[in-house]
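Sequence lines, in order, name chains P and D. Going by our numbering, the first sequence runs without a break in its numbering and finishes at 349. Going by our numbering, the second sequence runs without a break in its numbering and finishes at 923. To start, the structure under review is shown below, and the notes come after it.
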Amino acid sequence: MTMDPPQGLLAIRHLSKTFTLPRSTRDVVTAAPLRRLHALRDVSLEIAPGEILGIVGESGCGKTTFGRCLAGLERPEAGELLWRGQPMLHTDNRARRARRIQMVFQDPYAALNPGMSLGTMLDEALLVHGIGTSAAERRDRVNALLEMVGLTPNLKDRLPHAISGGQRQRVCIARALAVEPELLIADEPVSALDASVQAQIINLLEDLRTKLNLALIFIAHDLNVVRHISDRIAVMYLGEVVETAPTEMLFARPEHPYTRGLLKAIPQPDPTKRTRVPSIEGEMPDPLNPPAGCALSTRCPLVLPDCRARHPSLVMGEDDHFVRCLNPAASTGFVFTSSSD
Amino acid sequence: MSQPIIKVDELRVTFGHTPEAVTVVDGVSFEIGQGEVFGLVGESGSGKSVTCRSLIQLFGGARPSSVTGRILFDGQDLAQLSPADFVRIRGTSIAMIFQDPMTALNPTMRIGDQIQETLCRHDGLTPRQARLRAIDLLKAVGVTAPERRLDSYPHEFSGGMRQRVLIAIALACRPKLLIADEPTTALDVTVQDQILKLILRLRDETGMAVLFVTHDLGVVAQTCDRVGVMYAGRIMEMADTTQLFANPSHPYTRALLRALPAHGKRSGRLEPIGGAPPSLADPPTGCRFHPRCRNAVVDCTTVRPPLVTVAPGHSGACFRMGDVS
Chain P
9 MTMDPPQGLL AIRHLSKTFT LPRSTRDVVT AAPLRRLHAL RDVSLEIAPG EILGIVGESG
69 CGKTTFGRCL AGLERPEAGE LLWRGQPMLH TDNRARRARR IQMVFQDPYA ALNPGMSLGT
129 MLDEALLVHG IGTSAAERRD RVNALLEMVG LTPNLKDRLP HAISGGQRQR VCIARALAVE
189 PELLIADEPV SALDASVQAQ IINLLEDLRT KLNLALIFIA HDLNVVRHIS DRIAVMYLGE
249 VVETAPTEML FARPEHPYTR GLLKAIPQPD PTKRTRVPSI EGEMPDPLNP PAGCALSTRC
309 PLVLPDCRAR HPSLVMGEDD HFVRCLNPAA STGFVFTSSS D
Chain D
599 MSQPIIKVDE LRVTFGHTPE AVTVVDGVSF EIGQGEVFGL VGESGSGKSV TCRSLIQLFG
659 GARPSSVTGR ILFDGQDLAQ LSPADFVRIR GTSIAMIFQD PMTALNPTMR IGDQIQETLC
719 RHDGLTPRQA RLRAIDLLKA VGVTAPERRL DSYPHEFSGG MRQRVLIAIA LACRPKLLIA
779 DEPTTALDVT VQDQILKLIL RLRDETGMAV LFVTHDLGVV AQTCDRVGVM YAGRIMEMAD
839 TTQLFANPSH PYTRALLRAL PAHGKRSGRL EPIGGAPPSL ADPPTGCRFH PRCRNAVVDC
899 TTVRPPLVTV APGHSGACFR MGDVS
């Protein structure tokens with residue numbers, strides 16, 4: 009977040025992305041204005057080598073679009089990306105970006121080609137990027153990749169339907185790591201998996217970070233999981249970053265009212281800590297027509313008249329803690345663990 | 599526990615015919631008291647949804663080839679009822695809400711008509727009376743401006759609002775038992791929180807019993823009074839919620855709780871359960887958890903452990919519950 013060029017791996021500056029909605033015949037006839045969905049609004053973040061940055065927020069907050077913009081799957085219309093201080097434009101060589109940044113998707117059932125064996129899929133990634141000079145060399149590399157993600161190499165002749173969901177997600181991770189990226193974007197990598205298998209994948213990602221000094225952007229809606237794995241967390245709401253802080257600080261001293269609501273809303277696996285007061289009322293506003301002032305002003309329990317008129321900017325507090333709120337002081341006095349009756 | 603409203607005894611549900619028969623629910627027994635929220639928790643494929651659907655006999659396209667066991671609802675054996683009698687039970691005494699509020703509503707009917715349909719059919723209200731009652735119901739589930747919203751179509755509602763409408767339809771005839779099959783899985787966490795609290799408030803107000811199915815142990819801890827933990831078609835452990843989380847006695851429950859990222863402190867590594875849930879087409883013999891259990895002994899591989907009481911109101915199906923802690 010600091011604006012001086014640091015030892016950072018990737019700096020994201022003022023990234024914005026809007027999607028123009030398809031026009032119906034009626035829209036054309038009535039000359040209705042184009043409708044734009046603001047998926048990302050001025051997002052600035054930074055990630056260091058080997059760091060795990062968690063991105064949390066509810067569906068529609070732009071967290072997936074954010075990941076896809078970084079991986080080059082969407083083209084942002086404003087903002088820049090700095091890779092080790094050098095601008096990385098979307099006009100840049102795609103292959104070079106792919107060698108640096110890779111992505112793992114939510115649904116391992118949809119992400120693998122059902123007609124290709126696991127070995128062929130991994131081999132294809134190596135072939136496309138010209139890694140390994142001979143078939144034999146690539147074969148050894150495929151075996152090594154499978155072992156790295158905890159699978160035995162003799163699975164490589166299997167088709168995706170013949171392995172379990174957890175194994176599929178391991179294969180997706182192996183395929184992403186085939187090109188030796190320095191940054192891995194994991195978009196809800198465990199939410200399609202059963203609880204008993206989720207922990208296996210989370211441990212694997214932590215091991216890979218340590219072993220390969222891999223930086224990881226971990227996108228998820230499950231705050232317990234994000235808290236476990238991340239060094240730093242960014243909370244998104246309606247296309248904006250509303251708060252970022254080192255993980256434990258965010259949980260100990262959340263300053264944005266939305267973060268507080270989100271923390272209170274996680275169902276904690278502890279029946280002795282129950283509460284009957286809803287954490288935050290209402291639902292996210294229509295992203296086609298975001299509120300003029302603060303994005304949360306339609307739901308915020310602490311809203312002031314000013315909040316509806318002025319759009320707050322992301323302000324740095326102490327210890328790398330940023331918050332986008334006109335009245336963060338109103339949120340003090342929050343104690344996360346005392347949410348009992 | 600208060601007087602049970604429903605008592606399920608040795609429920610066994612099989613799909614398909616030999617040699618391809620798959621027994622998805624294998625000898626499940628439980629009862630739910632009046633005003634009680636009973637949770638069924640388990641991973642996907644553990645048989646919790648099929649258990650629910652057997653109670654109300656709604657299977658959609660895939661009908662089971664056999665359903666055995668006894669289901670006593672309010673003193674009545676549901677298996678003895680004719681299909682016509684069952685229609686009367688369904689909707690009036692037992693109602694169900696589903697995981698996906700996007701597909702459970704008719705997209706071509708106004709919300710008001712969908713609520714009033716139930717009222718006219720079961721309660722014999724006139725359309726005018728039904729409309730007034732529908733407004734009350736929408737108010738009760740927290741839909742703002744219900745008079746106007748009655749004339750909206752489902753696509754004009756968000757996911758959370760659709761789930762509220764489904765709850766309103768389910769509650770229209772004041773059921774004695776509400777079956778909620780993963781009612782919040784498709785919703786965002788702040789909306790999930792609102793819906794869970796709504797269900798608990800309605801339970802307090804109406805005294806209905808709730809069968810709550812989920813895969814999320816956090817949701818169980820926050821909503822259920824008593825829980826049954828299912829694995830591969832069988833109940834592994836059953837206890838009061840506080841008891842289950844404080845003293846889990848089955849190795850599967852313990853492993854499941856250990857695999858969760860801990861709340862309140864940042865632990866070191868997670869402890870996953872090795873392997874994957876078994877295929878029900880070819881389930882393991884003996885205890886179905888034994889291939890993944892770190893405490894398994896020879897007996898576990900051959901003999902099915904019965905559900906035995908370990909403490910008042912707390913039972914588990916494991917041979918080694920006493921030896922291992």
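Glycine included, every Cβ here is placed at the ideal spot set by N, Cα and C.
Mind checking if residue i is an interface residue toward chain B, Cβ cutoff 9 Å exclusive?
{"i": "P/Glu66", "result": "Of the protein chains in the structure, P and D, none is chain B."}
Taking 9 Å as the CB-CB cut-off, is residue i touching chain P?
{"i": "D/Lys774", "result": "no"}
{"i": "D/Val817", "result": "yes"}
{"i": "D/Lys737", "result": "no"}
{"i": "D/Ala619", "result": "no"}
{"i": "D/Lys646", "result": "no"}
{"i": "D/Ala853", "result": "yes"}
{"i": "D/His615", "result": "no"}
{"i": "D/Gly826", "result": "no"}
{"i": "D/Glu641", "result": "yes"}
{"i": "D/Thr839", "result": "yes"}
{"i": "D/Ala857", "result": "yes"}
{"i": "D/Met834", "result": "no"}
{"i": "D/Val901", "result": "no"}
Have a look at residue i and residue j and give me their C-alpha separation to the nearest angstrom.
{"i": "P/Val198", "j": "D/Asp675", "result": "42 Å"}
{"i": "D/Ala660", "j": "P/Val250", "result": "46 Å"}
{"i": "P/Ala253", "j": "D/Ala778", "result": "37 Å"}
{"i": "P/Arg318", "j": "P/Cys333", "result": "10 Å"}
{"i": "P/Asp131", "j": "P/Asp35", "result": "48 Å"}
{"i": "D/Gly633", "j": "D/Val606", "result": "17 Å"}
{"i": "P/Gly70", "j": "D/Val817", "result": "26 Å"}
{"i": "P/Ser346", "j": "P/Arg44", "result": "Because P/Ser346 sits at a pLDDT of 36, beneath the cut-off of 50, its placement in the model cannot be relied upon, and the point is left open."}
{"i": "P/Met9", "j": "P/Asp50", "result": "No answer about P/Met9 holds up, because its pLDDT of 46 lies below 50 and its placement is not dependable."}
{"i": "D/Met700", "j": "D/Val906", "result": "41 Å"}
{"i": "P/Ser24", "j": "P/Ala86", "result": "5 Å"}
{"i": "D/His720", "j": "D/Val741", "result": "23 Å"}
At a Cβ threshold of 9 Å, is residue i touching chain D?
{"i": "P/Val233", "result": "yes"}
{"i": "P/Lys272", "result": "yes"}
{"i": "P/Arg282", "result": "yes"}
{"i": "P/Met257", "result": "no"}
{"i": "P/Ser321", "result": "no"}
{"i": "P/Leu287", "result": "The identity of residue 287 of chain P in the sequence shown is Ser, whereas the question assumes Leu. Judged by the 9 Å Cβ criterion, P/Ser287 is in contact with chain D."}
{"i": "P/Asp349", "result": "Per-residue confidence for P/Asp349 stands at a pLDDT of 30, beneath the threshold of 50, marking its modelled position as unreliable; the derived number appears in the next sentence. Output row for P/Asp349: interface = no."}
{"i": "P/Pro309", "result": "no"}
{"i": "P/Ile109", "result": "no"}
{"i": "P/Gln114", "result": "no"}
{"i": "P/Ser346", "result": "At P/Ser346, the pLDDT of 36 sits below 50, so the modelled position is not reliable and the matter cannot be decided from this model."}
{"i": "P/Ala47", "result": "no"}
Taking the alpha-carbon of residue i as reference, which of the options has the nearest alpha-carbon?
{"i": "P/Leu222", "options": "P/Lys71, P/Leu81 and P/Ile55", "result": "P/Ile55"}
{"i": "P/Gly80", "options": "P/Glu59, P/Leu310 and P/Arg104", "result": "P/Arg104"}
{"i": "P/Tyr307", "options": "P/Asp328, P/Pro168, P/Leu270 and P/Ile181", "result": "Going by the sequence as given, residue 307 of chain P is Arg instead of Tyr. For P/Arg307, the nearest C-alpha among the options comes from P/Leu270."}
{"i": "P/Leu167", "options": "P/Ser125, P/Asp148, P/Glu66 and P/Asp328", "result": "P/Ser125"}
{"i": "D/Thr612", "options": "D/Ala879, D/Tyr829 and D/Thr782", "result": "D/Ala879"}
{"i": "D/Val811", "options": "D/Phe843, D/Asp823, D/Gly805 and D/Ala874", "result": "D/Asp823"}
{"i": "P/Glu188", "options": "P/Arg108, P/Gln177 and P/Met96", "result": "P/Arg108"}
{"i": "P/Thr283", "options": "D/His848, D/Lys774, D/Leu798 and D/Ile604", "result": "D/Leu798"}
{"i": "P/Ala106", "options": "P/Ala144, P/Glu190 and P/His169", "result": "P/Glu190"}
{"i": "D/Asp814", "options": "P/Ile274, P/Gln177, P/Tyr266 and P/Asp215", "result": "P/Ile274"}
Locate the beta strand (DSSP E) running through residue i, then write down its first and last residues.
{"i": "D/Pro602", "result": "Pro602 to Phe613"}
{"i": "D/Val626", "result": "Val620 to Gly631"}
{"i": "P/Tyr245", "result": "Arg240 to Tyr245"}
{"i": "P/Gly25", "result": "Checking the sequence, you will find Lys at residue 25 of chain P rather than Gly. Per DSSP, P/Lys25 belongs to the beta strand (DSSP E) from Leu18 to Thr28."}
{"i": "P/Gly62", "result": "Ile60 to Val64"}
{"i": "P/Ala182", "result": "Element bounds for P/Ala182: not the beta strand (DSSP E) but the alpha helix (DSSP H), Gly173 to Leu185."}
Note the first and the last residue of the continuous alpha helix (DSSP H) segment covering residue i.
{"i": "P/Ile4", "result": "This structure cannot settle anything about residue 4 of chain P, because the visible part of chain P is limited to 9 through 349."}
{"i": "P/Lys219", "result": "Ala203 to Leu220"}
{"i": "P/Gly127", "result": "Leu126 to Val136"}
{"i": "D/Ile767", "result": "Gly757 to Leu769"}
{"i": "D/Ala682", "result": "Pro681 to Thr690"}
{"i": "D/Gln727", "result": "Pro725 to Ala738"}
Report yes or no: do the segment 202-211 of chain P and the segment 629-646 of chain D share at least 3 C-beta pairs separated by less than 8 Å?
yes
At a cut of 8 Å, does the segment 227-246 of chain P reach the segment 29-45 of chain P through at least three beta carbon pairs?
no
Counting Cβ pairs closer than 8 Å, one from the segment 790-798 of chain D and one from the segment 285-303 of chain P, do we hit at least three?
yes
So, do the segment 311-330 of chain P and the segment 77-92 of chain P have three or more beta carbon pairs nearer to each other than 8 Å?
no
At least three beta-carbon pairs within less than 8 Å, the segment 744-754 of chain D to the segment 253-266 of chain P:
no
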